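2 protein chains.
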Amino acid sequence: MLSEKMVTLGTKKSVIREIFEYSKKRAAEIGAENVFDFSIGNPNVPAPVSIHETIKELLDSRDDYYLFGYTSAQGDADTRAAIAANLNERFGTSFGADNFYMTCGAAASLRIVLGALTLPGDEYVVFTPYFPEYRVFIESAGATMAETPANPDTFQIDFDQLAASVNEHTKGVFVNSPNNPSGVVYTEESIRQLAAFLEEKSAAYGHPIYLIADEPYRELVYGDVEVPYLTKYYKNTLVCYSYSKSLSLPGERIGYVLVPDEVENARTVYAAVCGAGRALGFVCAPSLIQHVIAKCAGQVSDLSVYKKNRDLLYDSLSSYGFTCVHPDGAFYLFMKSLETDAYAFCEKAKKYELLLVPGDDFGAPGFVRIAYCVTTAQIEQALPAFEKLAKEYFA
Amino acid sequence: MLSEKMVTLGTKKSVIREIFEYSKKRAAEIGAENVFDFSIGNPNVPAPVSIHETIKELLDSRDDYYLFGYTSAQGDADTRAAIAANLNERFGTSFGADNFYMTCGAAASLRIVLGALTLPGDEYVVFTPYFPEYRVFIESAGATMAETPANPDTFQIDFDQLAASVNEHTKGVFVNSPNNPSGVVYTEESIRQLAAFLEEKSAAYGHPIYLIADEPYRELVYGDVEVPYLTKYYKNTLVCYSYSKSLSLPGERIGYVLVPDEVENARTVYAAVCGAGRALGFVCAPSLIQHVIAKCAGQVSDLSVYKKNRDLLYDSLSSYGFTCVHPDGAFYLFMKSLETDAYAFCEKAKKYELLLVPGDDFGAPGFVRIAYCVTTAQIEQALPAFEKLAKEYFA
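Protein chains in written order, with the UniProt record's numbering: chain A, 1 to 395; chain B, 1 to 395.
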């Protein structure tokens, strides 16, 4: 008499969660310092100091009605204006406060956008490897997910595969760059080609195909890599953003949906976003942290640890004989399993207390994800274990 | 090509929101002190001082990974344990941490419970007058809402009306006591009778009919009125709670769903709640405020202002000839309109700068809602206007 779908979603643990539970159990047995847990994408870099300072300043200077009261459903106007100004400065865009709808993070943003756009029969294209919750959000919105393999060597878009996935039912295409789990950033050339392809297909099918830009990792790039700002390349782009990674605030649940004026019938789409937020039970994004964002939009946690980790891990793993695409962003390495069955490979890794996540749930069997948002010391201590694991296969 | 339902939900402003906009416009014209806005249920009493103190203590004593990191999807274990202990102490219950699922407030709690329970064809019974968003949540979950008139003189449950509304499709009955918009608290006798009725009907139809207790106003009662704790009267009760009103934190979006062990297949229902939260795009409730709740569960804002306001307003309005049920809780008075069309009555009130909300959206035409979560000074200044309004009709 209950929704079986919901029972299943609530009961079936994700592989990541199962490994997380194992990790806690194993740490109790042999000590946390001897377990090399690379399973979870929970940032270990602290939030900028200004976050603490801003919260305290707000508490000391504003009344509770402002601090803790309802904001409008679309979010505090000053917060939205500050975000618009920051993006305009960085990307030469011309957004205003009314293009933004504040949300409880990227998951909420994605689910709300899907609620706003989806009609029965709609399909969304997702490039593999992808964030596993995409399937949950898309199917909960009543749509179908079309998995589309990326180029297996570069994890850039494979346009032949894309062409085979898009049809008259396609309502949108998800782009997650920098990518979880591959760390790959789509090149400007890929984005231009994608925009041209979607323009053509939108015209052919007589309706917009939306580009849904899932961007929690936008600021997490290393070296001089640039992440193209998608709204400048394709007009029907909706941006789903979260401060979880850039400000190391994943638990605070704060992000936004951006509906640029260039979107066809932008104000109607924006209204549908507001309506979907309401229908899904979101009243407004948390107020205190909205006011913090108004003062800290555009700041970023210290990413130097992640870069150091990436370099150390990528170089070492490569030297042991492992293969992975060089990640330009996020804090994940997506490595080829040394045997066809990534689950079996992860079991072997466990013998050395290395906890890795099989790529199957990301739509990429034969790979494993390594989350390097850990201390550099953990990586240093884990390297001999990775080397021994490699030797099992290359001996 | 968009979801028209969502566009409508996002476009059609609620009457309350329209009045709110008018209020801002009018305040700009004649000064805020001359506009008597009784439209909005936004608490004007500050949060307890301990909320500020606890936030600062947490910032000074814990690391960011704890403060701002993901909690588990069901919420921080210490927070849930603290809430359980507080309820057990107050109500003699025996809840544990695992009976609670932390949410982004009561709206999220209700929508998640509906997502967990609802199968196609399900109906939910709602007593009029009711909180207008119930319809949005119930219909978004794919169910139907059955409006059931309360006793028009007392706003207690009318059991004949209830019997006429319940059938084999009934999945649940909403109870909101203290009630928005009437301020009425259901008597223990009403609750006992409701429990017996639902036991009988559940047995007759061969499936549980859930009591969905929407309790944001539980602590807002005046005098020695007691609000029966529903799980003690009926086993298949799911509690949806929010700290918005009790701690004056409406913007912080923090509350919970409680699934007691007594619920049939409680762990399966709990799993469905977790699954529905995931499907709706909730990852976890905001983390910092969860940790605050762990230390402040059971505290309540200073409610003396509301009691003073209620007494002043109720006594004065009665002396002018208005009729309303004496409210024992919440911060609303639900007053009879002095003409059949409450909209026309509210327009006349506007001439005296009195902003009231017609009861039609609450399922109760011929009434108006007066939100008295304002300063006592505002009420004092508004009383002559109420008196003049009455004289228009009684002259």
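Idealized CB from N, CA, C, for every residue including glycine.
Only a predicted model underlies this, so the values are computations on that prediction, with no experimental measurement involved.
- With 16 or more other CB atoms across the displayed protein chains lying within 10 angstroms of its CB, asparagine 99 of chain B is buried.
- Here the region 269-280 of chain B does not lie against the region 266-274 of chain A, with fewer than 3 beta-carbon pairs under 8 angstroms apart.
- Across the set B/Tyr70, B/Gly281, B/Arg26 and B/Leu2, the C-alpha of B/Arg26 shows the shortest separation from the C-alpha of lysine 350 of chain B.
- Comparing C-alpha distances from threonine 187 of chain A to each of A/Gly206, A/Asp158 and A/Ser202 shows the shortest one belongs to A/Asp158.
- With a threshold of 8 angstroms between beta carbons, leucine 110 of chain B makes contact with chain A.
- Taking 8 angstroms as the cut-off, the Cβ atoms of valine 257 of chain B and serine 140 of chain B do not count as close.
- Serine 165 of chain A places its beta carbon 8 angstroms or farther from that of threonine 144 of chain A.
- Excluding residues up to 5 positions away in sequence, Ala97 lie with their Cβ nearer than 6 angstroms to the Cβ of alanine 77 of chain B in the same chain.
- Within the model, the alpha-carbon separation for threonine 268 of chain B versus threonine 71 of chain B is close to 22 angstroms.
- By the Cβ test, the region 80-95 of chain B is not in contact with the region 60-70 of chain B, since fewer than three Cβ pairs between them sit closer than 8 angstroms.
- Rounded to whole angstroms, proline 365 of chain A and asparagine 151 of chain A show a C-alpha spacing of 14 angstroms.
- In terms of CA proximity to cysteine 296 of chain B, B/Leu247 leads the group B/Pro120, B/Leu247, B/Gly359 and B/Glu168.
- Looking at the backbone, the Cα of isoleucine 51 of chain A and that of valine 292 of chain A are separated by about 7 angstroms.
- Boundaries of the alpha helix (DSSP H) around glycine 10 of chain A: 4-11.
- For serine 316 of chain B against leucine 389 of chain B, the beta-carbon gap comes to about 12 angstroms, at or over 8 angstroms, which does not count as contact.
- Here the alpha carbons of isoleucine 289 of chain B and tyrosine 372 of chain B stand approximately 27 angstroms from one another.
- Runs of beta strand (DSSP E) with 3 or more residues, each lying fully within the region 149-227 of chain B, are found at 170-175 and 210-214, listed in chain order.
- Residues Asn44 of the same chain have their beta carbon placed closer than 7 angstroms to that of threonine 375 of chain B, with the five preceding and five following residues left out of the count.
- The three-state secondary structure of cysteine 104 of chain A, taken from DSSP, is coil.
- At least one C-beta of chain B is nearer than 8 angstroms to the C-beta of histidine 207 of chain A.
- Using a Cβ-Cβ cut-off of 8 angstroms, alanine 276 of chain B counts as an interface residue toward chain A, since at least one Cβ of chain A sits closer than that to its own.
- Close CB contacts of threonine 340 of chain B within its chain, under the 7 angstroms cut and outside five residues either way in sequence, are with Gly366 (chain order).
- The straight-line gap separating the alpha-carbon atoms of asparagine 34 of chain A and tyrosine 22 of chain A is approximately 13 angstroms.
- Closer than 8 angstroms to the CB of tyrosine 186 of chain A there is not a single CB belonging to chain B.
- Going by DSSP, valine 49 of chain B is part of the alpha helix (DSSP H) stretching over 49-61.
- For arginine 369 of chain B, the enclosing beta strand (DSSP E) has its first and last residue at 367-371.
- The CB of glutamate 252 of chain A comes closer than 7 angstroms to the CB of Phe68, Pro286, Ser287 and Leu288 in chain B, given here in chain order.
- As DSSP reads the structure, proline 358 of chain B sits in a beta bridge with B/Val368.
- With 16 or more other Cβ atoms inside 10 Å of its own Cβ, serine 190 of chain B counts as buried.
- Between leucine 280 of chain A and phenylalanine 322 of chain A, the alpha-carbon positions lie close to 44 angstroms from each other.
- If you check the CB distance, lysine 336 of chain B and tyrosine 222 of chain B do not come in under 8 angstroms.
- Annotation: glycine 255 of chain B is outside any alpha helix (DSSP H); the continuous beta strand (DSSP E) that includes it extends over 255-258.
- Annotation: alanine 294 of chain A to isoleucine 212 of chain B spans about 37 angstroms, alpha carbon to alpha carbon.
- In the DSSP annotation of this structure, the continuous segment of the alpha helix (DSSP H) that includes threonine 268 of chain A starts and ends at 266-279.
- Annotation for leucine 238 of chain A: the continuous beta strand (DSSP E) segment containing it runs 237-242.
- Residue pairing by DSSP puts aspartate 37 of chain B in a beta bridge opposite B/Leu355.
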